[in-house]
Every structure is written in structure tokens, then in C-alpha cells.
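K.L.:
In this note's numbering, the protein residues as written are 14 to 953. The C-beta atom is built at its ideal place from N, Cα and C for all residues, glycine as well. What you are looking at is a predicted structure, and each value in this text was computed from that prediction instead of being measured.
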Amino acid sequence: MTDELSPAERYAAARVRAAEQATALAPFREMYDFALDDFQIEACKALESGKGVLVAAPTGSGKTIVGEFAVHLALTQGRKCFYTTPIKALSNQKYADLVKRYGADKVGLLTGDNSVNSEAPVVVMTTEVLRNMLYAGSQSLLGLGHVVMDEVHYLSDRIRGAVWEEVIIHLPESVTLVSLSATVSNAEEFGDWLDTVRGDTEVIVSEHRPVPLWQHVLAGRRMYDLFEEKNGEDGDQSGRREVNPDLVRLARMENSRPGFGRDKRRGRPMREADRERERRQRSRIWTPGRAEVIDRLDAEGLLPAITFIFSRAGCESAVQQCLYAGLRLNDDAARARVRSIVEERTAGIPDEDLHVLGYFEWLEGLERGIAAHHAGMLPTFKEVVEELFTRGLVKAVFATETLALGINMPARSVVLEKLVKWNGEQHADITPGEYTQLTGRAGRRGIDVEGHAVVLWQRAMDPAALAGLAGTRTYPLRSSFKPSYNMAVNLVSQFGRHRSRELLETSFAQFQADKAVVGISRQVQRNEEGLEGYRASMTCHLGDFDEYARLRRELKDRESELARQGVAQRRAAAAVALEKLRPGDVIHVPTGKFAGLALVLDPGLPAGRSNGHRGFEQHDGPRPLVLTAERQVKRLASIDFPVPVEPLDRMRIPRSFNPRSPQSRRDLASALRTKAGHHDVRRHRKERSAAADDTEIARLRAALRAHPCHGCSDREDHARWGERYHRLARDTKQLERRIEGRTNTIARTFDRICALLTGLGYLRGDEVTDHGKRLARLYGELDLLASECLRDGVWEGLAPAELAACASALVYEARSADDALPPKLPAGSAKEALAEMVRIWGRLDALEEEHKINQAEGVGQREPDLGFAWAAYRWASGHGLDEVLREIDMPAGDFVRWTKQVIDVLGQIAAAAPDGTVARSARRAVDGLLRGVVAYSSVG
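1. Identify every run of the alpha helix (DSSP H) within the segment 40-128, keeping only runs that are complete inside it and at least 4 residues long; order them along the chain.
2. Quick check on P155: buried or exposed, where buried means 16 or more other Cβ atoms within 10 Å of its Cβ?
3. Who does W227 pair with in a DSSP beta bridge?
4. Round the Cβ separation of A455 and P317 to the nearest angstrom and send it over; I've been treating them as touching at under 8 angstroms.
5. What residue range is occupied by the uninterrupted beta strand (DSSP E) comprising V427?
6. Please list, in chain order, all residues of the same chain as V210 whose beta carbon is under 7 angstroms from its beta carbon, the five residues on each side excluded.
7. With three or more beta-carbon pairs closer than 8 angstroms as the criterion, would you say the segment 461-469 touches the segment 422-429?
8. Taking all protein chains shown into account, do 16 or more other C-beta atoms lie within 10 angstroms of the C-beta of A889, making it buried, or fewer, making it exposed?
9. Are the Cβ atoms of A938 and P813 separated by less than 8 angstroms?
10. What is the DSSP secondary structure of C553, counted as helix, strand or coil?
11. Which residue from T393, R381, L391, E178 puts its Cα closest to that of G405?
12. Here's a check: name, in chain order, each residue in its chain whose Cβ is nearer than 6 angstroms to the Cβ of Y108, leaving out the five neighbours to either side.
13. For the candidate residues I460, E202, L226, R714, whose alpha-carbon lies nearest to that of V218?
14. Is the segment 45-52 touching the segment 158-167 in the sense that three or more CB pairs, one from each, lie closer than 8 angstroms?
15. Beta-carbon separation of S571 and E709 under 8 angstroms?
16. Could you tell me the distance, in whole angstroms, from the CA atom of E560 to the CA atom of R743?
17. Return helix, strand or coil for E220, following the three-state DSSP convention.
18. Within 10 angstroms of its Cβ, does Q53 collect 16 or more other Cβ (buried), or is it exposed?
19. Measure from the alpha carbon of R491 to the alpha carbon of each residue in L594, A587, A200, then state which is nearest.
20. From H387 to V433, what does the alpha carbon distance come to, in whole angstroms?
21. Classify R309 as helix, strand or coil using the three-state DSSP reduction.
22. According to DSSP, is M664 helix, strand or coil?
23. Leaving out five residues before and five after D831 in sequence, what residues of the same chain have Cβ atoms less than 6 angstroms from its Cβ?
24. Using a 10 Å radius around the Cβ and a threshold of 16 neighbouring Cβ atoms, would you call L239 buried or exposed?
25. Taking 8 angstroms as the threshold (C-beta atoms), are S821 and A885 in contact?
26. So the beta strand (DSSP E) D238 belongs to, where does it begin and stop?
27. For my contact list, I533 and I752 are in at a C-beta cut-off of 8 angstroms; report their separation, rounded to the angstrom.
28. With a CB to CB cut of under 8 angstroms and the five nearest residues on each side skipped, what residues in its chain are close to L942?
29. May I ask which residues mark the beginning and end of the alpha helix (DSSP H) holding A477?
30. Considering I383, what are the terminal residues of the beta strand (DSSP E) in which it resides?
31. Tell me Y488's beta-bridge partners as DSSP assigns them.
32. Consider the Cβ of A477: report whether some Cβ of chain B lies at a distance smaller than 8 angstroms.
33. Along the alpha helix (DSSP H) that carries I181, what are the first and last residues, could you check?
34. Roughly how many whole angstroms lie between the Cα atoms of L638 and P496?
35. Taking just the CA atoms, how far does L795 sit from L875?
36. Using a Cβ-Cβ cut-off of 6 angstroms (strictly less than) and excluding sequence neighbours within five positions of G617, which residues of its own chain qualify?
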């Protein structure tokens, strides 16, 4: 045997190498100082062969390499590539990465409020920008070869998710789509849809984490492994994993705390020696403080770390706690580098604003290597934190979950304080998908050998439930696609009503609904086969048994209806009688546990709502408080009186009577028996049944007796099959209604929207009117409201600051109901215009209800929120940052974010306004808002 290849084998290998060198992938691989993973190579090869790709892989696995190959491929072929991201911060980050690789002349940036080299062959943009370009038929789309949709799983987002589907559906067929997603459990389903709407699409799913992830629970001074490996060395995937038995014992011991100090078996006090042993065991269990956790991670070499706290205030508080504890994670050299970078990045911020923004406290934390990261921070501050963290100069970041959404900030460790967060409506457990997204930040490829996810011990923690979270690595992708008014006019303008309807039927939302219908349809088919069998079994040789069974059902239904009416009438009569009772009435309780003589102490309340100790409570009738002859004081209910009750006698209730005193009850009960014991209580005479005199029942009984099948010897056997047939037919009809409700749901909503727009004069058949063309240029949740305000001239004659106040109502939404206090509004014209906007919304809301357009389903116009109007007005009027933030009590980051959204909608108003004065006022308002902290808050 020889290791040398034969000449034929050497020739074949040389041909393979030559073929690989001739591909665009070969030079691309040489740009990286590490070998590409198999899933990356597979995706790149599929792209080069002309296929679209869907890559679903864990956070930090390097799926963006595939997106970067699409950029490389487009430049190699002399075509364009658009790289889309869900958030501006991620766009800025990707723009910087691509400029570093290809040069500023080849890369552009478009983020709604910023445009850099927009005609470059490679343009990074937010997904909304690309959607708007598609609807506008932008010339920039010419020569477009590839579109990368990073974080495509965002299409599940309730508010913005529809934009991703709009782009996927409307991109020209010649464009190759690269979809990059977190690991989702229905990637194949999503891939099937992409294959349907975009053509040949390769689905590449990778479950492999390049850096293994170890899961821990930190309780007291000890860090426990969450899982106990039975036969594998890999801390993440291999081997049979079971919950650490030490953690299970810890949870069991912690949950027994209520009985501390007592013998659990007998309820007796514990012996001193046993109590001391238990106290020592319990002293090892507590939830470590934030500074203590960072100190512990530092000692174990597990920094840098991101601690996720589901509260902005909690993040800021955590930094302060670490500072007060004297934590210092940077040496003098690192402190000097931090100060140099921070001063360079914030040089443009005026000194008076630095004080308002808490700059010096923020800088002190950074110099010590500690920082917060959340949406309430100034964008510049967040970007500095991100830069210092990636450089290793900030080692502990306390962040809200927004950091997990795409920003490239991997850490060695991730800490979760709690497994519960506020979802906008209630405190809810985090989902397996959220847990995966958050812990996915742990482990830096090429730096760390392994990543660590640390959950802090909390009272009543269930290790098995935590293991379930950690073990469920995927979550399903669900479409949130819904037609909007802007979408409707844009689609009709380009394709007409019929073709637009067909396009919407290709959405992922309808695709998922249709797949669900398939299973229901199969059940309907099985039911129909069963109905045929039942029909055969109920066949009678004497006549039509189906007709006979129908008569029996009609008779039964009529008898049931009359019985229900009788019960309702008796209850109503009983309620009326109870309402007439007075204190001192002697009554006879007809049924129930307390049947017999009783004295009314309190007649109770009439039917309706009462203000009880739990707030307003609903009750169905009076509930008299009575003293029974057996000395019990009880509150009775309407169920105890199936028939009307009448007083038998009256008694005086002594003023000294105390229902809580046994002696008082005994004396009054004795007086009751003496006073009323001689009454002869007659049983309530049963009334004649209404069925006895009902002509319809008499007719049905006569028809049954006259029917030929009535004399069949197998009548009852046929009847049993007939009853089964009826039940199955009823169930089948319900399934068919469900199918009808799910089929063409998107198209039906589109039809309703078009009907409303036609009524308002935005559409005329397949024609988009001038009003409709204006609506086509207005994007956002309140697109129709903005268009109606322009049409009605609501904003004409407003000063720029007043128009800024009105525009804010189109975008702002209070974070919670608690924020929705009566807002402070500018006086004069602005206040009148805002009031008119609310009136117009009321009119539109009524129209939506008339057309069955349901806001609960994400379609329609929400009520405008006036909570930011005062801030927008004051800032546009030239007032200082300190004054504005103090008046509205809002974090600087939120203020900047909302102001930028107001600037964006003012730009749309300027472009769409038919009146030149409104357009000029909108542009001047933009100039007034785009200053100071808003202007220098970064490129995006």
C-alpha cells in the first residue's frame, strides 16, 4: 500500500482545486484569518449558484459572513447590494464594518434621517427605507443584484414586522435575497414560503454554537452548574444532561422556609441542635447583590459580562451600587484611555448639556469599567459604551433586553437577574426564545474558549423550569403582517385592486393561515366520511328517518326553550319578591342548607353593581342577611329562592342585637320560634307547565305520531345513529366556519380598507386620487389621520413649533398607562389643532368600526397621544435641554428618539403637503428640532 495518489486521482484533485479557485468564494475566504464554518460555506456556495438563502443560526455563530459574501458577490459582478437591518444602531455598526473593508467610496448609509453616499454600490439601510424606495419606484433600485435582510426574524414584531414581508414580496424577481435569522423552530416553513414568493431558496439551519455555553446558577457564595453531564465532555451539547441534584436539594430546602424553627413532622418546636444545623444550611442561600456578582465574576475570570435587568432605572441603580461598593475594574492606564476616548467622542456637546445628561457620573463609571446600556440613554453615550466594551475597557454592562437585539456586543458571561419581565401589560416569565436571545451574547468567537450564562438565585426558583428554558433552544417565527392604508394606496397605484389582492395572498401570514387550514380540512374530510356511515346506519325502510330525527330535535329544542323561559320567569319573580323584603320580616326559606323559618336582618342590595372590598362587583339580585331559627346568621343568595317568597309575619329587631354575640342570636332565635312557629308553611304549588298549552309542541307531537318511521320497531336504534349524525354534522359546520375565517383573511381586510378609502375619496376603483397619492407618501401608524389633517387644512397657519407639537401626536406613545396623564399642551392655535386632530380620529374610528376594521388585530388608527406635544413645542421654540427635560420628566435618550421620529414625520408632511405654507412650516420645524443634543447624537 502507498499513500501516493495515482496520476488520475492527482489530476481530479487538481481540477477540483482549480474550479474552487475560479469561484468568487475563494478570494472571499482569504479575507478572513479564520476558516469558515460548514454552514457558511454551504450558504455562500448556494448564493454563488444563483439561489436565495435563508440562514438560521444561533447568535454569535457568524451568519453575517453570508451577508458579507453577498456584498462581495455583488461588487464582483458589478451590481448593487443593499444590506438592511432592523435598527439604526445596527446599520451604523455594519456601515462602519463595510467601510473598513471596501472603502468609503463604495459604501453608503440610509437611515431615514441620514444619507451618506446613497448611490454607492453597497448601501446599508433600515428595512423601512428599502420599503419606501420600492413603493416610490426609486431609481436607486436599478442594477440591484442582492438584498441582505439581517435579523429577518423581526417580521414577528407586532408593530414593524409587516415591513419585512412587504420588502420580500415586492422586490424585483431579479434580486437575490439573503435572509439571516436567529435559530427558529419553523425555518423550513419560512423557507417554503420564501421558495414560493422568491423562487429557489436554500434553507441552511445550524444549531451549533461555535463557543460552547455553560449554564450556571449563583446562590450565595457558590456557583452551581445548572446541568450535570452524564457522559460528555462538551459543556453545551453532548452527553445526557440532567438538572444538577445539588440545585434540586437547594430549592427543596429553600421552599421549606415557612416552617423554619418547627419540627415539620409534628409541628413541635425543633431541638436547638437541629435548629442550628438548619440555620447553617440556610445561611448559604441568598441572592447576591449586583456589586457582589461582578466582584465574584471578576475573581473567577468571567468578565467582561452583560447583566440583563428588565428596567432602565434598575440598570442605572446597578451602576451606582457598584460605584458605592468601591468596585474598580480598570487600572490607571485603562482609565486614561477611557477618558481620552470619551472626551473625543463627546467634544461637540456643550458644557451646560453635559451636566443635564449626567455626564460626569457616567464618566466615573466608565473609568472604573462599569456602565449601563438602555434605550433611555443618549445615543452617543450608548455608542461610547459599545465601543469601550468591545475594546475591553468596560468590563461590566447592566443592560435592558434591547441590547440583545442585533447589537454586536458579545461578552464572556451573561447574567440574568430574574426570569420575569414586564411585557407592557403584566409581569410574565421570559420565553425560551428570549432566554436564548439573551444568553446568546455569552462567548466571544476567537477570544473565549467557552461562554457562561449565570442566573441569580431567586426565592421559589424551580431548577427544572430553568433547565426547560435553557434546553429549549428555538422559538417559532410568526407573521405579524397586516395591510395598512398607506400600503393599500401604494399597491393599488402600482398593481390595481385585483393584482394587489393576489399579492397580499402571498404573504407569510396567509401562508401560515393556509397551512393551518390544511389540518382542519383533513378533519372535515374524515367527518364527512363518518357522516356517510351514520347516514347509512340511520336509514329506515318505512320512510325518511332524517326528517323524523329533525322533528324529534325540534320538539326537544322547543321543550328545552320553554323550560328555560319558565326558570327565568320564576327567578325574576323571586328577585322582585326579595327586593320588597324589609328588616324584621319573617320568611320561610324554601330550599338549601338554611331552609326553614328566618328573620330578615338586612334585605341586601338590588341587582347590579356594588362597591365591594375588591372594587365594583357584579351580582344578580338581592342577598338578604337572615337569622335562622337554628341561631345562624347567614347571607343568602338568589339560588336559595327558586320561587317568590312572601313575609309570614313581622318582628321587631332589638337595637342592642349583635349578630356576633351567641347570646343575642340565641335570644332572638327563640323569640322568632315563639312568634312564628305556629305558621303553617305550605309547599309552593307547582305551576302548570307551559309546554302543556303550547301549540307548537302539540303540532310537533302530532307530526311525529303521523310520520311513517314512528311505527318502526328499530326506531330508537335509528334515533341513536341520527343523534350521532346530527352532532358530527354540527361539529363539521363549526370546522368549515373556521376554515372560512382563516381563508383569504388578509385579502378580506384589504377589501375593507379599500372600501373605507373609497368612501373617503382616496380610491376610485383601480385609480388612486390626488388625496390617495398624498397618503402614499405618509408612513406610520397614523398615516390616514395625517392625510385627513392635511386635506382638512388643520395645520394651515401654524408656526413651526406648533406644527412640531401636532406632528408629535402622530408618532409618540406613552410607555405605559401610568404615563398617560393629562398632558400639558401649548396654548392657542396648536391646542385647537390638536383638539381637531382628536376629533378627526374619532370620526375615523367610527368609520373603521362601521367597516369592521379591528384595531385589536393591529389594523387601523390608534388614538393620537398628546404626551410629547409640549416637549416638541418647547424644543422647536429654542428652549434649552435642561429646561425641556425637567418639564417633561423624560430620559435624554427617549427625548432624542421621539424628537427624531417627529423630524421624520415632519419630513413626510413637507413632501406630501398640498399647501406650500404647511410644507415650509414643516421644513422650518425640522430645522428647529435638529439642533443640540438631537443633532450630535450620531449619524443614525
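P.N.:
Once the coordinates are examined:
1. 51-61, 77-89, 101-115
2. The sequence given here places Leu at residue 155; Pro does not occur at that position. Classification of L155: exposed, given that the 10 Å Cβ count is below 16.
3. For W227, which the question treats as bridged, DSSP gives the partners H465.
4. With a Cβ gap of about 10 angstroms, A455 and P317 do not count as contacting.
5. 426-429
6. Closer than 7 angstroms at the Cβ level, and outside the excluded window around V210, lie I181, I182, T519.
7. yes
8. buried
9. yes
10. strand
11. R381
12. Cβ neighbours of Y108 beyond the five flanking positions: L122, V137.
13. E202
14. In this structure the segment 158-167 does not touch the segment 45-52; the number of beta carbon pairs closer than 8 angstroms is below three.
15. What sits at residue 571 in the sequence shown is Arg, not Ser. Yes; because the gap between Cβ atoms is below 8 angstroms, this pair is in contact.
16. A direct Cα-to-Cα measurement between E560 and R743 gives close to 16 angstroms.
17. coil
18. buried
19. Nearest option by C-alpha distance: A200.
20. 18 angstroms
21. helix
22. coil
23. Interpretation of D831 is limited by its pLDDT of 47, a score under 50 that renders its predicted location unreliable; the figure taken from the coordinates is listed afterwards. Cβ neighbours of D831 beyond the five flanking positions: none.
24. buried
25. yes
26. 235-238
27. 5 angstroms
28. A817, A885, W888, A889, T912, V915, I916, L919
29. 476-484
30. 383-386
31. V197
32. Absent from the structure is chain B; it holds one protein chain and no more.
33. 174-183
34. 57 angstroms
35. In the sequence as presented, Leu is not what sits at residue 875; that position holds Arg. Cα to Cα, the separation comes out at about 7 angstroms.
36. P635, R636, P637
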